[in-house]
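Reading through the structure tokens given below for one structure.
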Amino acid sequence: MKLRSLVVLSVAFAAMALGACSRRQPPPAPAQQVDDEAARRAEEERRRAEEERRRAEEAARRRAEEEARRAAAEARSILTEMVHFDFDRSDIRPDARETLQRKVAVLRANPGVTLAIEGHADERGSVEYNIALGLRRANAVKDYLVGFGLDASRFETQTFGESRPLDPASNEAAWARNRRAEFRITGGGDNLVLPQTSQ
Amino acid sequence: MRWLLAGMAVLALATPVAAQRQDTTRLPTGVRLDVFYNTMSRPLVAVRPFAAPPEAAAVAEQVHAIIEQDLDYSDRFVIAEVPEALKAGPVTLGAWNDLGVVFLVTAEVEPFGDAYMVRLALHDVPFGSLKEIQAFRVPPPSDGGFRMAIHALADELVRWMTGQPGMAASRIAFVRPRRGGGEELVVVDSDGENPERVANADLIVSPAWSPDGKRLAYAAMVGGAWQIAERNLETGESHTVVRAPSGAVAATPTYTPSGDRLVFAMLYGNASEFHEYDVARRCCMRRLTRSPGVDISPTFSPDGARLAFNSNRIGSPQIYIMPAEGGQATLLSPYVYGEGSYYTSPDWSPTGTKIAFHGKSRGGWFQIMVADAANVGAPVSQVTQEGENEDPSWAPDGRHLVYTSVRASGQGLYVVDTFTGRERQVLSLAGAKVPDWSPTLRRAAEFAMAGR
Chain Y
3 MKLRSLVVLS
13 VAFAAMALGA
23 CSRRQPPPAP
33 AQQVDDEAAR
43 RAEEERRRAE
53 EERRRAEEAA
63 RRRAEEEARR
73 AAAEARSILT
83 EMVHFDFDRS
93 DIRPDARETL
103 QRKVAVLRAN
113 PGVTLAIEGH
123 ADERGSVEYN
133 IALGLRRANA
143 VKDYLVGFGL
153 DASRFETQTF
163 GESRPLDPAS
173 NEAAWARNRR
183 AEFRITGGGD
193 NLVLPQTSQ
Chain B
9 MRWLLAGMAV
19 LALATPVAAQ
29 RQDTTRLPTG
39 VRLDVFYNTM
49 SRPLVAVRPF
59 AAPPEAAAVA
69 EQVHAIIEQD
79 LDYSDRFVIA
89 EVPEALKAGP
99 VTLGAWNDLG
109 VVFLVTAEVE
119 PFGDAYMVRL
129 ALHDVPFGSL
139 KEIQAFRVPP
149 PSDGGFRMAI
159 HALADELVRW
169 MTGQPGMAAS
179 RIAFVRPRRG
189 GGEELVVVDS
199 DGENPERVAN
209 ADLIVSPAWS
219 PDGKRLAYAA
229 MVGGAWQIAE
239 RNLETGESHT
249 VVRAPSGAVA
259 ATPTYTPSGD
269 RLVFAMLYGN
279 ASEFHEYDVA
289 RRCCMRRLTR
299 SPGVDISPTF
309 SPDGARLAFN
319 SNRIGSPQIY
329 IMPAEGGQAT
339 LLSPYVYGEG
349 SYYTSPDWSP
359 TGTKIAFHGK
369 SRGGWFQIMV
379 ADAANVGAPV
389 SQVTQEGENE
399 DPSWAPDGRH
409 LVYTSVRASG
419 QGLYVVDTFT
429 GRERQVLSLA
439 GAKVPDWSPT
449 LRRAAEFAMA
459 GR
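Read top to bottom, the protein sequences are chains Y and B. Here the first sequence stands for residues 3 to 201, where the numbers follow the working numbering. Here the second sequence stands for residues 9 to 460, where the numbers follow the working numbering.
Right, here's the structure in full:
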């Protein structure tokens, strides 16, 4: 009897112990809590995706901007690339024709652009005759461009004669560089685009 | 001419002076040359130190230095060294005669109120006589007109000795780069002294003196637009003669010999015109010519009957002469087909007989040349040999030319005596361009005192 009651007591204690243990364990998660967690994760995912999309867009925009900038810079460099002349000549040389034809395409793609064409001469010959020669060079370039159907009012001509050499040296190479027409964009120079065909 | 014979006799003893720089190997072919070095006609002249009381000694020394240098620069004389024994004391023409001196210049300089009196004397040594003596009242050295007054006395001595005009009392206008950008029009005395800024602009070319020496016309680019302006050097007043339309250039003004009108070139991209404007009345613009090429740099004969100018009508720039009222133009420069000859910047001499220009042929260097205005087709003289020489302008004596030069020994403004070939640098200056020599600005008569 004594032994049986001891066993019962032990069992009771064990049960109590078990009961105590059971109470210390976390309660099973409620259904509501499970839903919140999923939403949070989804939101995070969405944000990440959004951020990625935004970044991609930004990168694309930057690329496009970069591309536009590059195109504008190239268009600008085509427009301002100088052309050169032979001694005491104002006729357009074959190499200058190519340069000027590239300008024609850019000028057509950018109808708002206006240009100042500045004629220069090398140091040889009279200062005054070279002023006339510079003007004739600028005018020959203008005539060539206008010959492609561009509006003459988009161009103004100027001469500096021999007063502004690119290369102050007195040798054939310097003189060849200095016999030139330079181009300055005087209007419509923002947001230049390249002609479609050349992209 | 009597001194000439004496001079020839003594010049055998004198040091050979004229530079013998005729280097025929450098001459471009196709140019017919007639360079003459008339060195035998330069008599020996001595300018004795000028006598002065102590208070005028420094001024006397300055006056002496200017006159002696002017006589040297006139290229008509050989200036003698003055021996110590002959520097002061009574004038003993016999001693000077022993030295081979043909003309002796002596002077006394004394204070005269707030000015100075210079009593100049010219002795004809071989004939043992006093040739001329005259007293002049000149401003003190502190006065801006001092040097020009002394130059006028030097010119008077030249006239006494040769009967010909001098060129010391004159100035040279030219253009140089300006510090900080742009260009400025500057005027200096014939000896390079007294630089004076007259105008500035983005670009300036073609300064031109009025025949009375009181005004300067020039072409300038101001804010991208070309114009011709005229400045009165006495009053400092300036006005715009003409503004070129956009895309055109107004350039190379020149005065008619009467001085009341300006003729200039209006350049368009594919044509050019000469226009005339009445600067006296400031009106009456009139077109004289029109050409499909570049017609530029008009210059009048002193009688106003003819005009020389530069034109590329045959494909390269050449010099032509035509009647001032229009008509047939005659080729003056020594053009030879196929030799790339190139001649520009004509200037008609004040004596009327010569036209100077610069140019080259067959890829040679640009040199200063002189053609006979009365004898088109006659040989052209090349008066420079060294380096690149451009834009000649005649001195009022009709024998010296100023021009720009770039050569191994230097660059700047140079002067050549077309009679002897003697050359000198007036100003050492990189970038000096388009010089124009004034007429005579002061005359000794303006300073002459009554009596002796």
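Every residue gets a Cβ at the ideal spot worked out from N, C-alpha and C, and that includes glycine. Here the structure is a predicted model, which is why all the values come from computation and not from measurement.
Its Cα nearest to that of G190(B), the residue M229(B) stands out among A313(B), R239(B), M229(B).
Contact annotation: I327(B) and L315(B) have beta-carbon atoms that are not nearer than 8 Å. Taking a C-beta distance under 8 Å as the contact criterion, I80(Y) and R104(Y) qualify as a contact pair.
Three or more pairs of CB atoms, one per stretch, sit closer than 8 Å, so the segment 198–206 of chain B contacts the segment 74–86 of chain B. At a C-beta separation below 9 Å, F317(B) has no neighbours in chain Y, since its nearest C-beta there lies roughly 11 Å away. Residues of chain Y whose Cβ lies closer than 8 Å to the Cβ of V302(B) are, in chain order, Y131, A134, L135, R138. E398, D399: these are the residues of the segment 384–400 of chain B whose beta carbon lies less than 7 Å from some beta carbon of chain Y, given in chain order.
Assignment of G189(B) by DSSP, reduced to helix, strand and coil, places it in the coil class.
In the structure shown, L241(B) adopts coil according to DSSP, grouped into three states. Residue environment for R64(Y): exposed (fewer than 16 other C-beta atoms within 10 angstroms of its C-beta). For V384(B), the three-state secondary structure derived from DSSP is coil. Close partners of R126(Y) in chain B (Cβ separation under 7 Å): F374.
The Cβ neighbour count for D311(B), taken over all protein chains shown within 10 Å, is under 16; the residue is labelled exposed. A distance below 7 Å between beta-carbons, with the five flanking residues on each side excluded, links W217(B) to the following residues of its chain, in chain order: A181, L224, D444, S446, P447. Per DSSP, the unbroken beta strand (DSSP E) holding D444(B) starts and ends at 441–445.
When DSSP states are grouped into helix, strand and coil, Q35(Y) belongs to the helix group. Around the beta carbon of G323(B), fewer than 16 other beta carbons sit within 10 angstroms, so the residue counts as exposed.
Listed in chain order, the non-local C-beta contacts of A233(B) below 8 Å within the same chain comprise R251, A252, S254, local neighbours out to five positions each way being set aside.
With a cutoff of 8 Å on beta-carbon distance, V117(B) and A176(B) are scored as not near each other.
Per DSSP, reduced to three states, the secondary structure at A313(B) is coil, with no helix or strand assignment. Under the 8 Å criterion on CB atoms, N278(B) is classed as interfacial with respect to chain Y. According to the DSSP assignment, M125(B) belongs to no alpha helix (DSSP H) but to the beta strand (DSSP E) extending over 123–132. Identification of chain Y residues near K441(B) by a Cβ-Cβ cut-off of 7 Å yields V129, ordered along the chain. In the pairwise beta carbon analysis, the segment 136–151 of chain Y is classified as not touching the segment 258–270 of chain B: fewer than three pairs are separated by under 8 Å. Close partners of T260(B) in chain Y (Cβ separation under 8 Å): E130.
In this structure, Y350(B) places its C-beta atom within 8 Å of the C-beta atom of G127(Y). The beta-carbon of T101(Y) is placed no less than 8 Å from the nearest beta-carbon of chain B. Below the 9 Å Cβ cutoff, chain B contributes G255, G277 as neighbours of K144(Y), in chain order. The Cβ atoms of D399(B) and H366(B) lie closer than 8 Å to each other.
In this structure, DSSP gives P261(B) an extended state, which the three-state scheme calls strand.
Beta-bridge pairing by DSSP links L421(B) to T412(B), L435(B). Excluding residues up to 5 positions away in sequence, L79, F85, V86, I87, A88, V109, V110, F111, L112, V113, M169 lie with their Cβ nearer than 8 Å to the Cβ of V53(B) in the same chain.
Around N180(Y), no beta-carbon contact reaches into chain B at under 9 Å, the shortest distance being about 15 Å. T101(Y): member of the alpha helix (DSSP H) spanning 96–111, first to last residue. Sequence-distant partners of A440(B) (beyond 5 residues in either direction) whose C-beta falls short of 6 Å from its own C-beta, in its chain, are F182, R184, T412, G420, L421. Setting aside the 5 residues that flank it on each side, G153(B) is surrounded in the same chain by P147, each with a C-beta closer than 6 Å to its C-beta; the list follows chain order.
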